[in-house]
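Chemist: Quick note on this note's numbering: the sequence shown kicks off at 1 and runs consecutively.
From the three backbone atoms N, C-alpha and C, an ideal C-beta is built for every residue, glycine too.
In this text the structure is predicted, and so the values were computed from the model without any measurement.
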Amino acid sequence: MLDRTVTIRNKLGLHARAAVKFVNLSNRFSSSVKIVKDGDEIDGKSILGILTLAATQGTSIRLLVSGKDEEAAMAALVELIGNRFDEKE
């Protein structure tokens with residue numbers, strides 16, 4: 001299992017559009033993806049779960065990725081977050 005803490009950098013945080021991008025990317029991999037924020041762990045392949053986190057700009061979250069393609073999945077998800085979900089701000 002890979003464990004990495006990342007910070008949400010885009011201005012609007014982990015809102016609906018960003019959540020859809022995260023879930024769509026997560027679902028390209030067979031590995032399990034979990035997100036932990038403030039002790040709450042949710043399924044990273046669930047849009048509803050991600051939206052309940054209310055992760056705003058500057059929020060730190062932990063990504064837990066486990067499975068056959070965990071390294072590729074973690075790299076892709078970290079890149080998506082680092083690129084502000086391909087948003088300008």
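On the three-state DSSP scale, how would you describe R84?
Modeler: Helix at R84.
Chemist: By the three-class DSSP mapping on this structure, what secondary structure does T52 have?
Modeler: In this structure, T52 counts as helix in the three-state DSSP scheme.
Chemist: Ignore the nearest five residues each way along the sequence and tell me which others in F29's own chain have a CB closer than 6 Å to its CB.
Modeler: Excluding positions up to five away in sequence, the list reads D69 and A73.
Chemist: Using DSSP with H/G/I as helix, E/B as strand and the rest coil, what is I47?
Modeler: It is helical.
Chemist: Which partner residues of D3 appear in the DSSP bridge assignment?
Modeler: Per DSSP, L64.
Chemist: Residues in its own chain within less than 6 Å of R9 by CB, not counting five upstream and five downstream?
Modeler: Answer for R9: R84, listed in chain order.
Chemist: Relative to the alpha-carbon of N147, which residue among E41, A76, M1 and L2 has its alpha-carbon at the smallest distance?
Modeler: An answer regarding residue 147 cannot be provided, because it is not within the stretch 1 to 89 covered by the chain.
Chemist: Tell me whether A16 is buried or exposed, calling it buried when 16 or more other Cβ atoms sit within 10 Å of its Cβ.
Modeler: Exposed.
Chemist: How long is the line joining the alpha carbons of R62 and D38, rounded to whole angstroms?
Modeler: For R62 and D38, the distance between alpha carbons rounds to 9 Å.
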